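Each residue of the sequence shown is one higher than the last, beginning at 220 in this note's numbering. What follows is one structure encoded as structure tokens, with my remarks underneath.
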Amino acid sequence: MTIDSKKRIVSGMRSTGKLHLGHYFGVLTNWEKLQNEYEAFFFIADWHALTTKYNDTANLKENVQDVLLDWLAAGIDPNKATIYLQSLVPETSELHIYLSMITPQNWVERDPTLKDMTKILRTQGASDNSITYGLLGYPVLMTADIITFNADYVPVGVDQVAHIEISRDIIRRFNNIYNLQYFKEPKPLLTDIPLLKGIDGNKMGKSFNNDIKISDDDKTTEQKIMRAITDRSRIKRDDPGHPKECEVAYPYWKIFGTEEEVKQIETDCRGAKLGCADCKRCLAKKVNEFMAPMRERRIEYAKNPANVREILIEGSKKARMEAKKILDGAKEAIGMYM
Numbered sequence: 220m221t222i223d224s225k226k227r228i229v230s231g232m233r234s235t236g237k238l239h240l241g242h243y244f245g246v247l248t249n250w251e252k253l254q255n256e257y258e259a260f261f262f263i264a265d266w267h268a269l270t271t272k273y274n275d276t277a278n279l280k281e282n283v284q285d286v287l288l289d290w291l292a293a294g295i296d297p298n299k300a301t302i303y304l305q306s307l308v309p310e311t312s313e314l315h316i317y318l319s320m321i322t323p324q325n326w327v328e329r330d331p332t333l334k335d336m337t338k339i340l341r342t343q344g345a346s347d348n349s350i351t352y353g354l355l356g357y358p359v360l361m362t363a364d365i366i367t368f369n370a371d372y373v374p375v376g377v378d379q380v381a382h383i384e385i386s387r388d389i390i391r392r393f394n395n396i397y398n399l400q401y402f403k404e405p406k407p408l409l410t411d412i413p414l415l416k417g418i419d420g421n422k423m424g425k426s427f428n429n430d431i432k433i434s435d436d437d438k439t440t441e442q443k444i445m446r447a448i449t450d451r452s453r454i455k456r457d458d459p460g461h462p463k464e465c466e467v468a469y470p471y472w473k474i475f476g477t478e479e480e481v482k483q484i485e486t487d488c489r490g491a492k493l494g495c496a497d498c499k500r501c502l503a504k505k506v507n508e509f510m511a512p513m514r515e516r517r518i519e520y521a522k523n524p525a526n527v528r529e530i531l532i533e534g535s536k537k538a539r540m541e542a543k544k545i546l547d548g549a550k551e552a553i554g555m556y557m
């Protein structure tokens with residue numbers, strides 16, 4: 220059994236709708252860089268979306284399209300990376316079955332991702348019946364996603380390393396049971412992810428209604444930024460400001476502004492020359508200028524939905540060809556009849 224020796228990465232996103240700036244800075248900017256350095260496989264995880272949204276699928280197809288449009292707008296290039304839809308690569312589901320046979324129950328129950336997801340569901344009023352077999356098997360399916368291409372690395376933030384560790388454990392167990400080193404134990408490819416807060420100062424998220432979407436227009440973006448939390452201790456316009464205590468606007472300036480602009484904002488804020496409203500109005504202009512090329516690309520792609528769909532179909536076909544090679548080797552290792 221032979222395995223492609225070229226270094227591979229694999230990563231995906233659940234298809235839960237339009238992406239926001241947290242996704243862009245936290246994930247997509249890194250993917251855009253990595254696609255030039257590795258053989259990259261990026262997938263839209265529509266199966267994973269069903270782990271918590273199995274009873275809310277009315278927008279499932281639309282959500283897949285929106286995620287893909289945002290990826291393309293952000294510079295994820297189908298000529299550099301293999302972009303595919305998870306459900307169009309059934310080899311992953313077969314690998315998931317084989318892994319589920321050898322994964323101890325207590326391993327998945329202690330997975331931090333599962334604990335976090337079940338906690339969120341219960342805070343939303345979900346009953347025990349909402350904790351499904353599919354959700355329980357989330358770490359196993361995630362491992363199948365990785366070994367579908369026998370990936371060397373998985374791009375993650377420091378807080379997600381534990382997710383990769385359970386995959387490494389499952390893979391190691393598979394290799395030990397069948398007495399060979401077929402699957403690589405993937406390593407986390409750590410990324411320095413800047414935390415972009417939502418406009419309320421908390422973690423940015425669609426469900427929190429505090430996000431700025433990649434697809435938002437200029438007016439919507441400005442309206443959202445004008446609601447952003449700034450320096451809570453600054454009561455009047457002519458009170459001296461405290462940039463480091465500004466919860467949203469100043470951190471945004473450090474991302475979207477030049478070094479000179481950031482220094483000027485600090486000086487004018489501390490000297491009460493610039494009020495919070497004026498600061499946010501200028502910031503909104505900077506954000507819109509930064510996002511303009513990306514949003515223009517998204518609009519152009521959206522004009523041709525058939526072409527966008529074809530990108531996903533062709534990428535999925537390519538992914539299947541590679542996945543079949545890995546699956547055949549795994550079945551041989553197990554000793555399956557055919």
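Backbone N, C-alpha and C fix where the C-beta goes; we use that ideal spot for every residue, glycine too. Just so it is clear, the structure is predicted and the values come from calculations on it, not from any experiment.
* Asked: Is it right to say Thr276 is buried, meaning 16 or more other beta carbons lie within 10 angstroms of its own, or is it exposed?
  -> exposed
* Let me know the secondary structure DSSP gives Arg500 once reduced to three states. => helix
* Asked: At what residue ranges does the region 329-395 contain a whole run of the alpha helix (DSSP H), taking only runs of 4 or more?
  -> Counting only runs of 4 or more, we get 331-342, 352-355 and 357-366.
* Asked: Anyone know if the C-beta pair for Gln284 and Val527 falls short of 8 Å?
  -> Yes, Cβ-Cβ distance for Gln284 and Val527 is below 8 Å.
* **Best match in Glu313, Asn369 and Gly494 for proximity to Ile454 [C-alpha to C-alpha]** => Gly494
* Between Ser224 and Ala363, what straight-line distance do the alpha-carbon atoms span, to the nearest angstrom? -> Note that Ser224 has pLDDT 46, beneath the 50 cutoff, so the model's placement of it is unreliable and no number is given.
* What's the call for Pro459, buried or exposed, on a 16-neighbour Cβ count within 10 Å? -> exposed
* Asked: Nearest-angstrom Cα distance between Pro462 and Gly376?
  -> 27 Å
* Asked: For Val373 versus Ile228, is the C-beta distance shorter than 8 Å?
  -> yes
* **In DSSP terms, what Glu519 is bridged to** => The partner list for Glu519 (beta bridge, DSSP) is empty, contrary to what the question assumes.
* Asked: On the three-pair Cβ rule with 8 Å, is the region 497-504 touching the region 418-436?
  -> no
* Asked: If you run the structure through DSSP and keep just helix, strand and coil, what is Phe402?
  -> coil
* To do: To the nearest angstrom, report how far apart Met423 and Thr477 are at their CA atoms.
  => 23 Å
* Exposure of Asn348, with buried meaning 16 or more beta-carbon neighbours within 10 Å -> exposed
* Which residues in the same chain as Gly353 place their Cβ atom closer than 6 Å to its Cβ, once the five residues preceding and following it in sequence are excluded? -> Thr270
* **Status (buried if at least 16 other CB within 10 Å, exposed otherwise) for Lys492** => exposed
* Asked: So what does DSSP say about Gly231, is it helix, strand or coil?
  -> In the three-state reduction of the DSSP assignment, Gly231 falls in the strand class.
* To do: Report the three-state DSSP secondary structure of Val484 (helix, strand or coil).
  => Checking the sequence shown, residue 484 turns out to be Ile, not Val. In the three-state reduction of the DSSP assignment, Ile484 falls in the helix class, which pools H, G and I.
* Euclidean distance between Cα positions of Ile562 and Met513 -> Outside the shown range of the chain, which is 220 to 557, sits residue 562, and nothing can be said about it.
* Member of Met361, Glu384 and Arg517 whose CA lies at the smallest distance from the CA of Gly231 -> It is Met361 whose Cα lies nearest to the Cα of Gly231.
* Asked: If you count every other CB in all the chains shown that lies within 10 Å of the CB of Asn282, and 16 or more means buried, which is it?
  -> buried
* Asked: Quick one: is Thr410 buried, meaning 16 or more other Cβ sit within 10 Å of its Cβ, or exposed?
  -> buried
* Asked: At what residues does the alpha helix (DSSP H) containing Phe475 begin and finish?
  -> Ala468 to Phe475
* **Residues sharing a beta bridge with Phe261, DSSP** => Ser230 and Ile302
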